[in-house]
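Accompanying notes for the structure given below.
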Ligand SMILES: Cc1cc2nc3c(=O)[nH]c(=O)nc-3n(C[C@H](O)[C@H](O)[C@H](O)COP(=O)(O)OP(=O)(O)OC[C@H]3O[C@@H](n4cnc5c(N)ncnc54)[C@H](O)[C@@H]3O)c2cc1C
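Residue numbers (our numbering), protein chains in the order written: chain A, 725 to 1108; chain B, 11 to 259.
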């Protein structure tokens, strides 16, 4: 039983780490306007990603990508997350984020959505959350009703990232509200310029992200824009959410690692009452706890990724990784902030940004309580 | 032309080196290791020559214990074609390494051997020169520029009083200086390709080389801690100190 990364993953990690250290960290405070990457840096990072051969690494080969597995994606995501040079949500370093559901589209729809996304010509967003359905999307109220060759969609989606720039939305709606998450949710691809789609409110968040509220009023969508069969929305969604949770875990590892790097180097330099902070047990314990928790989280995330790559069932490991790693990253970012004192609260250091983002991931894309609920459900089903 | 490139696994340049408590050497257990930066420059130069069609094969050699393989793999991921790993647990001195490389050169018959000018661990700066002497080949050390024209290898050398240009006749030994090039990042596709490239193991015995150490390390200690400087008010004070305390004027 080996707990080490395979040799080539180790090399990949080293290469990306070196790149992040020399090309991203030195400029990380000036690459973004809020949480939007400035165009000149978008250009640089895209070019660099291609130079490093990372472009489209996670896109299957049949669609022009490199078809690298989950572990490789985890390794790269972890290193890139060590810097705030790229926005935490939305952009990736390895090319457009291609939501895996697009691979499920019919050939004709692939030509219109999948390939343009891969080429960077079109952008999508994902709409599931509603004012009255967040953690419990099965209770969503947005409906699609079939009328001949079309569906008519009505409802409201909330907190949709990137809706302002999106050409289309991958929309989850109820086709059978009785059944809810048990076969009542269906996925559609809807062009944002379809009559009846309106961006109403943009929310300001403490992270700087500005997700949208979208109203759908008698929006008519051709039946061909349905992905999979009616009621298959969640089953299809699960397929890519699984790997997405590991990406979450990986990002948390990178954030925690960088915070530990910063915490230790600051603690060794900062002198109070005649001694360095690193001489104080109160500080040492923060560093020790952070390191131990990061190690535990890393083993969890890598293990889950290895399972995913070998085709084994890894959903439970995915929930555990998302829950544990995201909570861990926030604790570590918080300690890092504490060790630095006032300077950590300023925008001269990336710590406050890490902290705000880490805080948000305990809520978004599967809140910790909800992860624990599902984990417990699985345990109760298996034991006792 | 075939290029042989020697690479060494050393403590990562970014790591703070610690002396072992018993003074027997520096701590390497659980310490991050990497390819010696000068060797990286040598690999980069060889790979560029292969890309330009000047070299038709780039072969890496490293001598050392098992994990030296990781360092070789890094070089393969940068673009070298294959590697030779001389497996030994013995402490290797520059002369032993030079003899091992000479033995490999006899088997491989390269047109040029590229090495780093020195390794950042023991800073000996001897292996390349000794190797050239053992083989009876010409040498160009501290290269900041290498051009190849037929059998002539022109090397610009970084020397104390400027740049010196020498013309060598193939085969030759060339050692690299910092400014020769900037090593590339290994790309993901090349990392995956490197997985399939061969690393052939050899032993000093198979090469018929006696690597028994000739030197005995008595003690390894930390350099003395740097003392704080002082601020002077006038130039006259400075001159006075340079004359009377430092004795350098
Ligand atoms: C910046 C940002 C970007 C977002 N981007 C998108 C996007 O692109 N697309 C999209 O669809 N959504 C998006 N969301 C929505 C996000 O996924 C939801 O906010 C999240 O799922 C939580 O839902 P909620 O806010 O409705 O909270 P609720 O579901 O109302 O939960 C409130 C609290 O109760 C807890 N809780 C809920 N159920 C239980 C339970 N059974 N037991 C114990 N505790 C429970 C939760 O953990 C949480 O702490 C985004 C949100 C933000 C803030």
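Backbone N, C-alpha and C fix where the C-beta goes; we use that ideal spot for every residue, glycine too. All figures in this text were calculated on a predicted structure; none of them were measured in a lab.
Subject >> Test: residue 87 (chain B) CB closer than 7 Å to a CB of chain A >> reply: Chain A, which has a Cβ nearer than 7 Å to the Cβ of residue 87 (chain B), makes this yes.
**OP:** Flag this pair as yes or no: are the beta carbons of residue 143 (chain B) and residue 110 (chain B) separated by less than 7 Å?
**Re:** Not closer than 7 Å, so no.
Original post:
Between the region 782-798 of chain A and chain B, which residues of the former have CB atoms less than 9 Å from a CB of the latter, in chain order?
Top reply: Residues of the region 782-798 of chain A that bring their beta carbon within less than 9 Å of a beta carbon in chain B comprise 790, 792, 796, in sequence order.
**OP:** Give, in chain order, every residue of the region 743-766 of chain A whose Cβ lies closer than 9 Å to some Cβ of chain B.
**Re:** Residues 743, 745.
Subject >> Members of the region 67-88 of chain B near chain A, C-beta cut-off 7 Å >> reply: From the region 67-88 of chain B, only 80, 83, 84, 87 have a Cβ closer than 7 Å to chain A.
Original post:
Thinking C-beta only, is residue 823 (chain A) closer than 7 Å to residue 734 (chain A)?
Top reply: Not closer than 7 Å, so no.
Subject >> Of the listed residues B:183, B:152, B:178, B:159, nearest to residue 172 (chain B) (C-alpha basis) >> reply: The residue with the shortest Cα to Cα distance from residue 172 (chain B) is B:152.
Original post:
Which residues bound the beta strand (DSSP E) around residue 76 (chain B)?
Top reply: No beta strand (DSSP E) holds residue 76 (chain B); DSSP gives it neither H nor E.
Original post:
So the beta strand (DSSP E) residue 915 (chain A) belongs to, where does it begin and stop?
Top reply: Per DSSP, residue 915 (chain A) belongs to the beta strand (DSSP E) from 909-915.
Subject >> chain B within 7 Å of residue 802 (chain A), Cβ atoms only >> reply: So no, residue 802 (chain A) is outside the interface.
Subject >> Residues of the region 182-206 of chain B whose Cβ lies closer than 9 Å to any Cβ of chain A, in chain order >> reply: Residues 194, 195, 196, 197, 198, 199, 200, 201, 202, 204, 205.
**OP:** Would you please verify whether the beta carbon of residue 735 (chain A) is less than 7 Å from any beta carbon of chain B?
**Re:** Interface annotation, residue 735 (chain A): in contact with chain B, CB-CB separation under 7 Å.
Original post:
Name the chain B residues whose beta carbon is nearer than 8 Å to that of residue 728 (chain A)?
Top reply: Within 8 Å Cβ-Cβ: nothing; residue 728 (chain A) doesn't reach chain B, min ~11 Å.
**OP:** Could you work out which residues of chain B lie near residue 1066 (chain A), taking near to mean beta carbons separated by less than 7 Å?
**Re:** Within 7 Å Cβ-Cβ: nothing; residue 1066 (chain A) doesn't reach chain B, min ~28 Å.
Subject >> Assigned secondary structure, residue 1085 (chain A) (DSSP; H/G/I helix, E/B strand, else coil) >> reply: In the three-state DSSP reduction, residue 1085 (chain A) falls in the coil class, being neither helix nor strand.
Subject >> Start and end residues, alpha helix (DSSP H) containing residue 215 (chain B) >> reply: Annotation: the continuous alpha helix (DSSP H) that includes residue 215 (chain B) extends over 214-217.
Original post:
Using 8 Å as the threshold, is the region 742-756 of chain A in touch with the region 765-778 of chain A, meaning 3 or more CB pairs across them?
Top reply: The answer is yes - the region 765-778 of chain A touches the region 742-756 of chain A, with three or more Cβ pairs under 8 Å.
Original post:
Should the region 793-807 of chain A be called in touch with the region 1029-1043 of chain A, which here means at least 3 C-beta pairs below 8 Å?
Top reply: Verdict: yes, contact present.
**OP:** With residue 45 (chain B) as the anchor, note down where its beta strand (DSSP E) starts and where it stops.
**Re:** Here the beta strand (DSSP E) through residue 45 (chain B) covers 43-45.
**OP:** Using three-state DSSP, classify residue 172 (chain B) as helix, strand or coil.
**Re:** In this structure, DSSP gives residue 172 (chain B) an extended state, which the three-state scheme calls strand.
Original post:
Hey, which unbroken runs of the beta strand (DSSP E) at 3 residues or more fall wholly within the region 148-234 of chain B?
Top reply: As far as the region 148-234 of chain B is concerned, its whole beta strand (DSSP E) runs of at least 3 residues are 148-159, 162-169, 172-179, 182-186, 209-212.
**OP:** Closer than 8 Å by C-beta to residue 837 (chain A): which residues in its own chain qualify, once you throw out the five before and the five after it? Chain order, please.
**Re:** Taken in chain order, the residues that qualify are 826, 829, 846, 848, 892, 913.
**OP:** Select from A:1040, A:805, A:1057 the residue whose C-alpha is nearest the C-alpha of residue 1102 (chain A).
**Re:** Among A:1040, A:805, A:1057, the Cα nearest to that of residue 1102 (chain A) is on A:1040.
Original post:
Is the CB of residue 776 (chain A) under 7 Å away from at least one CB in chain B?
Top reply: Chain B, which has a Cβ nearer than 7 Å to the Cβ of residue 776 (chain A), makes this yes.
Subject >> Neighbourhood of residue 1080 (chain A) by C-beta distance below 6 Å, restricted to the same chain and skipping five residues each side >> reply: Cβ within range, chain order: 930, 931.
Original post:
Within the chosen definition, does the region 124-139 of chain B reach the region 87-102 of chain B through at least 3 CB pairs nearer than 8 Å?
Top reply: At 8 Å Cβ cutoff, the stretches do not touch.
Original post:
Would you say residue 1149 (chain A) reaches chain B, if we count a Cβ-Cβ gap shorter than 7 Å as a contact?
Top reply: The first residue shown for chain A is 725 and the last is 1108, placing residue 1149 (chain A) beyond what the model contains.
Original post:
Grouping DSSP H, G and I as helix and E and B as strand, with all else coil, what is residue 1048 (chain A)?
Top reply: Correct three-state label for residue 1048 (chain A): helix.
**OP:** Could you please give me the residues that DSSP links to residue 892 (chain A) through a beta bridge?
**Re:** According to DSSP, residue 892 (chain A) bridges with A:848, A:915.
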